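In the working numbering, the protein residues as written are 2 to 184.
Ideal Cβ placement from N, Cα and C applies to all residues, glycine included.
Because the structure is a prediction, the values reported are computed rather than measured.
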């Protein structure tokens, strides 16, 4: 004959196992949902970059030239060239937002790396690095565009992990110091 205490113990153990299984299932589902949300968010932001308009803005920014920060402001600053400022803001702020998400662990680095328009952030950052540094000094503080800088550095780091010899090519995309002549 089965003892009532034994049946009660088995019942408690079965209940506890059921709760543990449910908790494990819940944790797994939460992790899957978080991963899905990260990928969905990353992909929705990437879709903003995969347009003719965004590519045209980046291309135009990459072929701008200036001698120093003051020359940059005279040619492209918001007071003198609001249209260019608008284009820059769209590109820079999009990259900054992606970088902040990457910095906070809310975007997938490999997904971003495999999108050429996101990798282009490394080129844009390289070209405008000195402009950003001066802009931080004069206007926005040291935390300005930290997401953009992080994104560019992570994209370059990812590239160099896959191809250790890779360097951003020097071309007419680079900053032209005041002592050099513009081509």
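Inset, instruction - Evaluate residue 123 with the Cβ neighbour count: other Cβ atoms within 10 Å of its Cβ, from every protein chain shown; 16 or more gives buried, anything less gives exposed. - result: So residue 123 counts as buried.
Legend entry - C-beta atoms of residue 126 and residue 133 nearer than 9 Å: Judged by beta-carbon spacing, residue 133 lies within the 9 Å limit of residue 126, meaning their Cβ atoms are closer than that value.
Inset, instruction - For the alpha helix (DSSP H) containing residue 166, list its first residue and its last residue. - result: DSSP places residue 166 in no alpha helix (DSSP H); its state is neither H nor E.
Inset, instruction - Label residue 20 either buried or exposed according to how many other C-beta atoms from any shown protein chain fall within 10 Å of its C-beta, with 16 as the threshold for buried. - result: Residue environment for residue 20: exposed (fewer than 16 other C-beta atoms within 10 angstroms of its C-beta).
Legend entry - Under the three-state DSSP convention, the category residue 176 falls into: Interpretation of residue 176 is limited by its pLDDT of 40, a score under 50 that renders its predicted location unreliable; the figure taken from the coordinates is listed afterwards. Coil at residue 176, not helix or strand.
Legend entry - Neighbourhood of residue 87 by C-beta distance below 7 Å, restricted to the same chain and skipping five residues each side: Answer for residue 87: no residue qualifies.
Inset, instruction - Go ahead and pull the three-state DSSP assignment for residue 53. - result: In the structure shown, residue 53 sits in a helix (DSSP, three-state: H, G or I).
Legend entry - 9 Å Cβ cutoff met for residue 147 and residue 100: In this structure, residue 100 lies closer than 9 Å to residue 147 by Cβ.
Inset, instruction - Could you check what DSSP says for residue 82 in three-state terms: helix, strand or coil? - result: Reduced to three states, the DSSP call for residue 82 is coil.
Inset, instruction - From the DSSP output, in three-state form, read off residue 67 for me. - result: Secondary structure at residue 67: coil, using DSSP grouped into helix, strand and coil.
Inset, instruction - From the DSSP output, in three-state form, read off residue 16 for me. - result: Residue 16: helix per DSSP, three-state reduction.
Legend entry - Length at least 4, wholly inside the stretch 93-162: the alpha helix (DSSP H) runs in chain order: Fully contained in the stretch 93-162 are the following alpha helix (DSSP H) runs of length 4 or more, in chain order: 110-114 and 117-136.
Legend entry - Beta-carbon separation (whole angstroms), residue 113 vs residue 43, contact threshold 8 Å: Indeed, because the Cβ distance is near 6 Å, the residues count as touching under 8 Å.
Inset, instruction - Given a cut-off of 9 Å, decide if residue 109 and residue 39 are closer than it, judged by their beta-carbon atoms. - result: Here residue 39 is near residue 109, since their CB atoms are less than 9 Å apart.
Inset, instruction - Run the CB neighbour count on residue 103, radius 10 Å, all protein chains shown included, and call it buried at 16 or more, exposed below. - result: Buried is the call here.
Legend entry - Three-state class that DSSP yields for residue 3 in the structure shown: In this structure, residue 3 counts as coil in the three-state DSSP scheme.
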